[in-house]
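Colleague:
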Amino acid sequence: MKKYKYLILTLIFSMVVLAGCQAKKNAEDNNITPEPTKAEEITVTPTEEPTKEEESTAEKITMNIAALKGPTAMGMVELMERAENGETANNYDFTIAGTADEITTNLIKGDFQIAAIPCNLASILYQNSEGKIQVAGINTLGVLYIVETGDSIKSVEDLKGKTIYSTGKGTTPEFTLNYLLSSHGIDPSKDVTIQYKSEATEVAAILSETDNAIAMLPQPYVTTVQMTNDKVRVALDVTKEWEALNSNSSVVTGVVVVNKKFADENKEAVEAFLAEYKDSVTYINSNVEEASNLI
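The working numbering applies: residue 330 is where the sequence shown begins, and numbers increase by one.
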């Protein structure tokens, strides 16, 4: 019985092999070349990548920047022009204010993201806002001078009993002047009369109209007044008087501050602004004549 089983299996195997050989032979005789199965053709439309210009535009954010009229804002004038021409890393909207009060509330609220303000005001705002603003850099050093239309002031002591016109009540100029007077034995509230004006242009006008007037003014208003009135002379350099009292320090009058929440969320944008601001200051210091046309 087993022999029959093996015989049947052998016959079946032989038939399968022969059938395969015959199919191969028929195909060769008829020169038939089996066609490969065609793969389904898929057309892929490439995604158009944005140009560098489009990417740059898309990434720009708008920053509202405030500064006080005068030396605090002058370092920004070249940057302002580039911003108007769309040549800056981001979009900058500048507000030039006459007084610090126009800036403080909006800075804390975040309506102004960056501001150039007196350094003492920055300290006050930091405390009052519980750290909602932070200093990003110093932008104004040693720009205050005691000037007069007479020839009576040779030293700080000579200011005793005089009337002094100035700007910056409640800000760095007031504290600087009070410190200098007090350090030379002069009581600012009793021994002198200090009249504060809201803007340097008002003080400049008084100097132009009044004989023997004494004032504390920042640059470039000192130079501006001297150009129109040759009687105005620089009596004291406030920075030198300060350094004579404190050899290891200098008069810092202005700083750049930033809303902390904005800075934390937009670190690269703030760094880009500070870099462009630095370039603007460098340009102004190196191109005084051209920069004067922007101020």
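Every residue gets a Cβ at the ideal spot worked out from N, C-alpha and C, and that includes glycine.
#1: State the beta-bridge partners of Pro627 as determined by DSSP.
#2: Look up Ser495 in the DSSP assignment and say whether it is helix, strand or coil.
#3: Going straight from the alpha carbon of Lys461 to that of Thr469, what length do you get?
#4: Helix, strand or coil: which one does DSSP assign to Lys389?
#5: Quick one: does Glu459 have its CB under 8 Å from some CB of chain C?
#6: Cα-Cα, which of Ile543, Thr582 and Val610 is closest to Ala564?
#7: Taking the alpha helix (DSSP H) that Ile515 belongs to, which residues open and close that run?
#8: According to DSSP, is Thr522 helix, strand or coil?
#9: Which residues mark the beginning and the end of the beta strand (DSSP E) in which Thr424 is found?
#10: DSSP on Gln351, reduced to helix/strand/coil?
#11: Whole angstroms are fine: how far does the CA of Met403 sit from the CA of Asn595?
#12: Between the alpha carbons of Asn588 and Tyr455, how many angstroms are there, rounded?
#13: Quick test of the definition: if touching needs 3 or more C-beta pairs under 8 Å, does the region 549-563 touch the region 528-535?
#14: If you reduce the DSSP assignment to three classes, tell me which class Lys331 lands in.
#15: Residues in its own chain within less than 6 Å of Trp571 by CB, not counting five upstream and five downstream?
#16: Taking the alpha carbon of Pro502 as the point to measure from, which residue in Asn541, Tyr474, Asp520 and Val586 has its own alpha carbon closest?
#17: Between which two residues does the beta strand (DSSP E) containing Val587 stretch?
#18: For Thr492, which residues of its own chain have a beta-carbon under 7 Å away from its beta-carbon, when the five flanking residues on both sides are left out?
#19: I need the straight-line Cα distance from Val373 to Val617, nearest angstrom please.
#20: Shortest alpha-carbon distance to Thr500 belongs to which of Leu450, Val610 and Leu623?
Modeller: This is what the structure holds:
#1: The requested residue 627 is not part of the displayed model; the chain covers only 330 to 624.
#2: strand
#3: Lys461 and Thr469: Cα-Cα distance of roughly 22 Å.
#4: Note: Lys389 maps to coil in three-state DSSP.
#5: Looking for chain C here will not work: only one protein chain is present.
#6: Ile543
#7: Looking at the DSSP string, Ile515 is not in any alpha helix (DSSP H), and its letter there is neither H nor E.
#8: strand
#9: Asn420 to Ala426
#10: For Gln351, the predicted structure reports a pLDDT of 44, less than 50, and the residue's modelled location is therefore unreliable. The matter cannot be settled from this model.
#11: 25 Å
#12: For the pair Asn588 and Tyr455, the Cα-to-Cα distance works out to about 10 Å.
#13: yes
#14: At Lys331 the pLDDT is 39, less than 50, meaning the model places this residue with poor confidence; the figure from the coordinates comes in the next sentence. Residue state, collapsed to three classes: helix.
#15: Val580
#16: Tyr474
#17: Val581 to Asn588
#18: Thr522, Gln524 and Ile543
#19: Residue placement at Val373 is poorly supported in this model, since its pLDDT is 40, which falls under 50; the coordinates are not used for a value here.
#20: Leu450
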